[in-house]
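Chains as they are written, first to last, in the numbering used here: chain C, 13 to 107; chain F, 580 to 982. C-beta atoms are modelled at their ideal positions from N, C-alpha and C, and glycine is treated no differently. It should be emphasised that the depicted structure is a prediction, and the values quoted were computed from it without experimental measurement.
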């Protein structure tokens, strides 16, 4: 995956949705940005696997702390929020 | 004293994917030892082992569950399902708090450790899968079995190398006797036929390069296997009251420590463990009709075990067949005594003694009837199963035919 690909926001969003869909056992097309992880029936282990999947796919370090998800500096309130932050992580890495 | 019976048995091992196929293979004197297929096998000095073939995890477990299940846990879960199905147990909410699990394993998630060491050391990656710890921990199998069947009573893992499963089953017996539980799932499993697991064993230089020939004069060492077995132990009155199938009674258990050497076997420790198990069962040595030996196929173990058996059994040893089924399924390390208990059950239930295969020549240092090469019909009313671990920790089970 080249950097150009990584910076294409639509492709980032699509890849994040695929990673989340894989854990939620649904089709990527069923994952929408306004959805919460609870909407997708993702438990804490599923979330940890998503974080791992994102780190592997984009080669970034996600600042997520399972002890205190609210204060870990990584917003997981919705699929869209996760996508925005992944975009930010990638952009900072590219800068 | 509360008595304990076995009401269900299940297994996945190199000889079979369940109990009937395992009995069939033992009766046909099959040897499951063959070329190893793990990654980097060319770099191993030992290239033979007894692998579980044709085991498809995806056929047994949901995709979402698999990332949490090391192979040793998969073997335990599939075995436990079979055992529970045979026992026909349906546990009420109250029953669940009186039911538990204790399983043995020596290496736990050894393949998971190996895979992830590769990831960080060989591949140089700085990130591992998030479930490495819950997957590799030694109690993973016991915990998953507890979750699968709602076993809310005592739950733990024993890890005493090659005696792990016998120690586990001994604990299960004592918990039920003591009134701390009414039902215990127990046994053990092992899966360390990966590069690291085999390489470590190779270091000891006790591994055979050709095959496993316990008690045979030309024996050349041990051969590793993988797999496991799980049993349902149940308080006898409870089992009788519900009309459960009773496969055998768990009559006695004995354990001892050599307190001498970390690897060299000793005669005194095994002698005391066997005598303790017989005394616990209230049986004279003459009552034992079959012994499943520890019988690893190393020069030292088999000679010492034969001497220990001679001391315990006296003249009766001439009339008491002693076989080592490790010659067929390999040494399943922490799970081995669980699979070997199946040979005892087969003797008591079907009147067939599992053979010691690959046996070419009697060894004067091992003066016993090893049931060489072919299974034998014989009536046995009680059977003994030996496990003598590295570290000098010995555990012996005695089963009695269901009355």
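Beta-carbon separation (whole angstroms), residue i vs residue j, contact threshold 8 angstroms
i             : j             : result
residue 730/F : residue 678/F : 5 angstroms
residue 681/F : residue 735/F : 5 angstroms
residue 625/F : residue 781/F : 5 angstroms
residue 599/F : residue 611/F : At roughly 16 angstroms, the Cβ-Cβ gap does not stay under 8 angstroms, so residue 599/F and residue 611/F are not in contact.
residue 74/C  : residue 63/C  : 5 angstroms
residue 580/F : residue 954/F : Rounded, the Cβ-Cβ distance is 35 angstroms, inconsistent with contact.
residue 969/F : residue 662/F : Between residue 662/F and residue 969/F the Cβ distance is about 28 angstroms, and since that is not below 8 angstroms, they are no contact.
residue 700/F : residue 929/F : Actually they are not in contact, since the Cβ atoms of residue 700/F and residue 929/F sit about 49 angstroms apart, beyond 8 angstroms.
residue 582/F : residue 828/F : 6 angstroms
residue 810/F : residue 588/F : 5 angstroms
residue 98/C  : residue 70/C  : 6 angstroms
residue 647/F : residue 636/F : So it is not a contact: roughly 12 angstroms between Cβ atoms.
residue 616/F : residue 806/F : Actually they do not touch by this definition, with Cβ atoms about 15 angstroms apart.
Cβ-Cβ distance between residue i and residue j below 8 angstroms
i             : j             : result
residue 965/F : residue 849/F : yes
residue 717/F : residue 749/F : no
residue 887/F : residue 979/F : no
residue 832/F : residue 755/F : no
residue 972/F : residue 836/F : yes
residue 910/F : residue 759/F : no
residue 957/F : residue 924/F : no
residue 102/C : residue 31/C  : no
residue 732/F : residue 808/F : no
residue 943/F : residue 895/F : no
residue 908/F : residue 775/F : no
residue 89/C  : residue 48/C  : yes
residue 974/F : residue 745/F : yes
For residue i, the nearest candidate out of the options (CA to CA)
i             : options                       : result
residue 747/F : 940/F, 802/F and 976/F        : 976/F
residue 789/F : 877/F, 744/F, 855/F and 842/F : 877/F
residue 46/C  : 91/C, 58/C and 101/C          : 91/C
residue 867/F : 856/F, 779/F, 739/F and 637/F : 856/F
residue 93/C  : 53/C, 37/C and 43/C           : 43/C
residue 938/F : 905/F, 582/F and 741/F        : 905/F
residue 584/F : 602/F, 763/F, 724/F and 841/F : 763/F
residue 825/F : 659/F, 927/F and 649/F        : 927/F
residue 892/F : 608/F, 912/F and 851/F        : 851/F
residue 674/F : 596/F, 761/F and 580/F        : 761/F
residue 607/F : 935/F, 982/F, 941/F and 962/F : 935/F
residue 872/F : 590/F, 982/F, 962/F and 727/F : 962/F
residue 912/F : 772/F, 940/F and 633/F        : 772/F
residue 670/F : 827/F, 704/F and 725/F        : 725/F
residue 779/F : 622/F, 646/F and 806/F        : 622/F
residue 881/F : 862/F, 903/F, 898/F and 861/F : 903/F
residue 834/F : 743/F, 842/F, 897/F and 874/F : 743/F
residue 640/F : 711/F, 712/F, 597/F and 723/F : 723/F
residue 787/F : 889/F, 846/F, 898/F and 613/F : 613/F
residue 40/C  : 50/C, 28/C and 51/C           : 28/C
residue 633/F : 683/F, 596/F and 916/F        : 596/F
residue 737/F : 917/F, 922/F, 847/F and 816/F : 917/F
DSSP-derived helix/strand/coil call for residue i
i             : result
residue 627/F : strand
residue 832/F : strand
residue 614/F : strand
residue 557/F : Residue 557/F lies beyond the range of chain F shown here (580 to 982); nothing can be said about it.
residue 636/F : helix
residue 591/F : strand
residue 803/F : strand
residue 919/F : helix
residue 871/F : strand
residue 895/F : helix
residue 843/F : coil
residue 13/C  : Annotation note: pLDDT 46 at residue 13/C (below 50); position unreliable, coordinate value reported separately. The answer is coil: DSSP assigns residue 13/C none of H, G, I, E or B.
residue 585/F : strand
residue 910/F : strand
residue 655/F : helix
residue 979/F : strand
residue 663/F : helix
residue 785/F : coil
residue 691/F : helix
residue 794/F : coil
residue 925/F : helix
residue 972/F : strand
residue 641/F : coil
residue 983/F : Look at the range of chain F in this structure, 580 to 982, and you will see that residue 983/F is not part of it.
residue 890/F : helix
Any chain B beta carbon closer than 8 angstroms to residue i
i             : result
residue 639/F : This model lacks chain B altogether; the protein chains it does include are C and F.
Discussion item. Quick check: the region 767-783 of chain F against the region 819-826 of chain F, are at least 3 beta-carbon pairs closer than 8 angstroms?
Written reply: no
Worksheet item: Taking contact to mean at least 3 C-beta pairs separated by less than 8 angstroms, is the region 620-634 of chain F in contact with the region 662-674 of chain F?
Response: no
Practice prompt. Decide if the region 26-37 of chain C is in contact with the region 56-72 of chain C; the criterion is three or more beta carbon pairs, one per stretch, under 8 angstroms apart.
Written response: yes
Worksheet item: Taking contact to mean at least 3 C-beta pairs separated by less than 8 angstroms, is the region 944-958 of chain F in contact with the region 790-801 of chain F?
Response: yes
Discussion item. Check whether the region 714-728 of chain F and the region 648-656 of chain F are in contact - that is, three or more C-beta pairs closer than 8 angstroms.
Written reply: yes
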